[in-house]
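Here the structure is laid out as structure tokens; the discussion comes afterwards.
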Ligand code: FES
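In full-length UniProt numbering, the protein residues as written are 1 to 109.
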């Protein structure tokens, strides 16, 4: 698990982008009304950071072309995005938000 920040430093409605290493894509962590979610930060359409998007319920709207992604599944719910973004496990341990990056398919192939 990768430590992200203290839970009090990520208020509801806020997000944070984390860089892990040079080979792992950046991850965006969101604190929504319904809990914490983490997805790949890079939009599956083009080059935009989802951590800079707008959160509405369990969805984030891409700041570049307004595709909506379900933070629970990573699935896009409208164009122009067609492919999902990966989701990652999030937990809070002793007040600290942690992320477990999902294993990339190409890393196990
Ligand atoms: S870059 Fe996200 S919808 Fe186009």
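Just so it is clear, CB atoms sit at the ideal spot from N, CA and C, and this is done for glycine as well.
Check for me: the beta strand (DSSP E) holding residue i runs from which residue to which?
i: residue 96; result: 96-100
i: residue 39; result: 35-40
i: residue 56; result: 54-56
i: residue 5; result: 2-6
i: residue 70; result: 68-70
i: residue 87; result: 87-93
i: residue 18; result: 15-18
Would a C-beta distance cut-off of 9 Å place residue i and residue j closer than the cut-off?
i: residue 98; j: residue 4; result: yes
i: residue 32; j: residue 13; result: yes
i: residue 70; j: residue 62; result: no
i: residue 40; j: residue 88; result: yes
Nearest-angstrom Cα distance between residue i and residue j?
i: residue 95; j: residue 72; result: 22 Å
i: residue 77; j: residue 86; result: 14 Å
i: residue 102; j: residue 17; result: 16 Å
i: residue 38; j: residue 26; result: 10 Å
i: residue 34; j: residue 51; result: 17 Å
i: residue 2; j: residue 49; result: 20 Å
i: residue 80; j: residue 45; result: 7 Å
i: residue 6; j: residue 92; result: 9 Å
i: residue 83; j: residue 64; result: 16 Å
i: residue 75; j: residue 30; result: 15 Å
i: residue 66; j: residue 55; result: 11 Å
i: residue 10; j: residue 28; result: 12 Å
i: residue 68; j: residue 36; result: 17 Å
Which residue or residues does DSSP assign as beta-bridge partners of residue i?
i: residue 25; result: In DSSP, residue 25 forms no bridge with anything.
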